[in-house]
Amino acid sequence: MSTRSLLRKATTTTAIGIAGVALASGTAFAGSSGQQIEFHDNRHIANSIHVRGHNQNDVIVEHCFNTPDTVNKLRGWWWQGQISIDAYSGKGCTGKVNWSASPAVPAIQDGDDWTAIGD
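With our numbering applied, the sequence shown corresponds to residues 4 to 122, in that order.
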């Protein structure tokens with residue numbers, strides 16, 4: 004086998020390996036296994052929210068998100084099924100809980116990968 008042929012095979016193998024790792028990562032594809040949340044603070048009562056529920060891998064996770072705007076896209080976190088949300092008066096999920104809800108997030112939906120939830 005020539006050096007050129009060996010180099011070509013090594014490059015192809017490396018590219019396939021990198022693609023496999025990228026596809027196996029935790030990020031879901033649009034609408035395929037959970038959705039990202041777009042939180043609407045319609046009453047302007049939430050400086051942060053705490054979300055707890057199942058992610059795209061059916062693992063229970065939770066996270067606090069600061070919500071400085073009326074419409075807040077909670078990027079990079081994927082949810083499915085029944086989740087719980089508590090809205091806090093302070094940043095970093097501190098202060099008084101002003102609102103709570105337990106909405107259902109579809110695992111699969113047509114269109115984009117955002118589910119709007121609001122107070």
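Quick reminder that beta carbons are idealized off the backbone N, C-alpha and C, glycines included.
The three-state reading of DSSP puts residue 94 in coil, since its state is none of H, G, I, E or B. Counting along the chain, the unbroken beta strand (DSSP E) around residue 54 starts and ends at 51 to 57. The beta carbon of residue 56 lies closer than 6 Å to those of 82, 86 in the same chain, with the five residues before and after it left out.
Listed in chain order, the non-local C-beta contacts of residue 53 below 6 Å within the same chain comprise 67, 89, 96, local neighbours out to five positions each way being set aside. Around residue 50, the same chain offers 69, 70, 71, 91, 92, 93, 94, 98 as residues with beta carbons nearer than 8 Å, after the five sequence neighbours per side are excluded.
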